[in-house]
Amino acid sequence: MVVTTHYGTRPVRIEQLTGPYEPNGQPDPHLGQPLQFGLFAWNIQGGSTGSKAVLADPDRYQHYWRWPLASRLLSEAERIGFDYQVPFARWIGQGGDTGWSETCLESLTAAAAASAITSRMLQFSTAHSNYDFHPFHFAKFGVTVDHISGGRWGLNMVTGYSAKEYAAFGHIEPPEHDESYRRADEFFTLVKALWASDVPIIFEGEYYQCYGAYVNPKPTRKPRPLLMQAGQSKVGIDFACRHAEWIFQIQPTMEHYRNIAREIHDKAASYSRRVLVATQLWPVIDKTDAAAEATAEWIAEEVDHAATMNFIQSAKRQHVSSTFGWDEAEEESTDPYGGIGKERFLRMALGIGAHQLVGSYDTVAEMLRELHEAGIESVLVSFFDPFLGLQQMEDEIFPRLKKMGLRR
-4 MVVTTHYGTR
6 PVRIEQLTGP
16 YEPNGQPDPH
26 LGQPLQFGLF
36 AWNIQGGSTG
46 SKAVLADPDR
56 YQHYWRWPLA
66 SRLLSEAERI
76 GFDYQVPFAR
86 WIGQGGDTGW
96 SETCLESLTA
106 AAAASAITSR
116 MLQFSTAHSN
126 YDFHPFHFAK
136 FGVTVDHISG
146 GRWGLNMVTG
156 YSAKEYAAFG
166 HIEPPEHDES
176 YRRADEFFTL
186 VKALWASDVP
196 IIFEGEYYQC
206 YGAYVNPKPT
216 RKPRPLLMQA
226 GQSKVGIDFA
236 CRHAEWIFQI
246 QPTMEHYRNI
256 AREIHDKAAS
266 YSRRVLVATQ
276 LWPVIDKTDA
286 AAEATAEWIA
296 EEVDHAATMN
306 FIQSAKRQHV
316 SSTFGWDEAE
326 EESTDPYGGI
336 GKERFLRMAL
346 GIGAHQLVGS
356 YDTVAEMLRE
366 LHEAGIESVL
376 VSFFDPFLGL
386 QQMEDEIFPR
396 LKKMGLRR
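Residues in the sequence shown are numbered from -4 upward in steps of one, following our numbering.
Encoded structure:
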């Protein structure tokens, strides 16, 4: 196909269709703090806590997604020193007694709004590459927020994992796992090409094509915006090492964190890339270990079982007919923990699988030090009680981390 633009510039064909692809070089993954902190799930009903405990005070524990509260939360996070924020990007919620994640602010437009009320904190959005968006969309959407924020925007790369969300976008069954990452590989290679090229481009991949596409203005953050990814499988980690700067992992022990951090850095180095290994946290903090444990036990006792089961089933790679109960021949599971065991079930309910930190100020600070020593350089935090959590971080945790040399 011969294409010329309306202003007569002949497009350039992009020959490399998959990563690693860094035509202008890779951004530095570090933001200047030994241990970076991000605020997660501020934009969604109940945050990352699927428990009826949120009903004890809905405005405090559940409805901080409403913009008058959310904007205060973001401003406070920036004021006390948080380095970035990541909305929880969902299109279909989990329901249950709490309506967990049934209501949320969309992550891309929320990042634009957050950019306008902050001056330092990095703002992230999420791109679900399998949900029928085109890379041209996100290249243009993203550069717009990059300019609004003055170069403080980054992109969370997600393939899509919810069968119900796939169905909502018209896909009766999700793509196979490895194919999802092959599609994502092309998607984000094309996004990078559009950010980098000074002339219109032609891109002819297996999954994505464009003829004469061009993005202007270019990102103000040089050489491009930061990218993050949280694939946990071998294929997902390989994809992240080829495309992302920040790679999020959740592991059961410090030894597992050490091993995965070493593996990720070695894999990224094989692609001549530099990355930062991060994790997601769900903390419950109090003056004493006993007080923090009592609060965590109360939240766990009030778990929203139906909402958590919905989340687990939705996240499984299965046919949508099974997800919606359309297959009448399939027997309903009698396992109260969705086949993943009580411990993992509660981790999904309380933090959507995050590493849980429960303890006193000293205990939590020490846990953070252990994570850093195991190779974690950034933590993404979602609180059950966000305003209290930020106050505790400012008054108690950050001062301890500064003494440890983990914050400046």
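Where is the CB? At the ideal position from N, CA and C, for every residue including glycine. Values in this document were obtained by computation on a predicted structure and should not be read as measured data.
Excluding sequence positions up to five away, which residues of its chain have a Cβ less than 8 angstroms from the Cβ of residue i?
i, result
"N211", "none"
"S228", "H172"
"R395", "Y356, D357, A360"
"R61", "none"
"V270", "P24, A235, C236, A239, E240, W241, I242, I259, H260, A263"
"I143", "A107, S110, A111"
"I371", "L30, Y252, A256, V272, A273, T274"
"G384", "P278, I280, V376, F378"
"T4", "V194, P195"
"R268", "P15, E17, Q21, C236, R237"
"F164", "W86, Y126, D127"
"T393", "The question names Thr, but residue 393 in the sequence shown is Phe. Hits under 8 angstroms: I75, G76, R402."
Going by DSSP in three states, residue i sits in which element: helix, strand or coil?
i, result
"N19", "coil"
"H142", "helix"
"D281", "strand"
"S228", "coil"
"N254", "helix"
"T358", "helix"
"V49", "helix"
"R339", "helix"
"M223", "strand"
"R85", "coil"
"W241", "strand"
"H199", "The question names His, but residue 199 in the sequence shown is Glu. Strand, per DSSP."
"F77", "coil"
"Q308", "helix"
"T274", "strand"
"A264", "helix"
"T44", "strand"
"P6", "coil"
"W321", "Legend: pLDDT at W321 = 39, less than 50; position of this residue unreliable, no value from coordinates given."
"W62", "helix"
Sort the options by Cα distance to residue i and report the nearest one.
i, options, result
"E296", "G334, Y266, L345", "L345"
"S110", "S70, F133, H25", "S70"
"F382", "G41, W148, T44, Y59", "Y59"
"P118", "C205, L26, L30, I197", "According to the sequence as given, residue 118 is Gln; it is not Pro. The candidate whose alpha carbon is nearest that of Q118 is L26."
"H166", "N125, Y16, G42", "N125"
"P404", "M399, I197, Q40", "Because the chain is modelled from -4 through 403, residue 404 falls outside the range shown and cannot be assessed."
"D390", "K282, P218, W148", "K282"
"A256", "P6, I294, L221, S373", "S373"
"F131", "Q80, G14, C205", "C205"
"V408", "K398, M399, R177, G348", "Residue 408 falls outside the range modelled here, since the chain spans only -4 to 403, and no answer is possible."
"S43", "L64, I392, F393, I294", "I294"
"T290", "A51, L221, A179, A122", "A51"
"Y16", "A163, T139, T184", "T184"
"Y161", "L341, E292, A310, K398", "A310"
"A36", "Y56, Y252, G20", "Y56"
"M362", "K337, M399, L341", "M399"
"H129", "F379, R178, G384, L385", "R178"
"T121", "L100, Y209, A72", "L100"
"E338", "T4, E292, F198, N254", "E292"
"G202", "P170, I245, R5, Y209", "In the sequence under discussion, the amino acid at residue 202 is Tyr, which differs from the Gly named in the question. The residue with the shortest Cα to Cα distance from Y202 is P170."
"E10", "F198, S66, A191, V140", "F198"
"E250", "K47, Q244, A369", "A369"
Contact check, residue i vs residue j under 8 angstroms by CB: the rounded distance?
i, j, result
"Y356", "I280", "6 angstroms"
"G45", "W95", "5 angstroms"
"A84", "V153", "7 angstroms"
"L12", "E181", "6 angstroms"
"L366", "T274", "7 angstroms"
"G354", "A287", "5 angstroms"
"K213", "V272", "Wrong, their Cβ atoms sit about 29 angstroms apart, outside the cutoff."
"N404", "G20", "Given a span of -4 to 403 for the chain in the structure shown, any question on residue 404 remains unanswerable."
"A134", "P18", "Not a contact, Cβ separation roughly 13 angstroms."
"Q80", "G33", "6 angstroms"
Excluding sequence positions up to five away, which residues of its chain have a Cβ less than 6 angstroms from the Cβ of residue i?
i, result
"Q351", "W277"
"P82", "N38, S102, A105"
"G200", "L12, E181"
"M221", "Strictly speaking, residue 221 in this sequence is Leu, with Met absent from that position. Once the five neighbours on either side are set aside, the close Cβ partners of L221 are P22, G149, E240."
"V7", "V194, I196"
"Y156", "A310"
"I232", "G226"
Considering only residues of the same chain and omitting the five flanking positions on each side of residue i, which have a CB-CB separation below 7 angstroms?
i, result
"M388", "I75"
"G235", "The question names Gly, but residue 235 is Ala in the sequence shown. The answer, listed in chain order, is Q224, G226, I242."
"Q28", "D78, R402, R403"
"S284", "Strictly speaking, residue 284 in this sequence is Asp, with Ser absent from that position. Cβ neighbours of D284 beyond the five flanking positions: G354, S355, T358."
"M343", "T303, F306, I307"
"A301", "G90, G91, D92"
Would you verify that the beta carbon of residue i is, or is not, closer than 8 angstroms to some beta carbon of chain C?
i, result
"G400", "The structure shown contains no chain C, having only a single protein chain."
Ordered list of alpha helix (DSSP H) runs contained in the stretch 343 to 394, each at least 4 residues: 356 to 368, 381 to 387
Complete alpha helix (DSSP H) runs within the stretch 110 to 195 (minimum length 4 residues, chain order): 130 to 144, 158 to 163, 172 to 191
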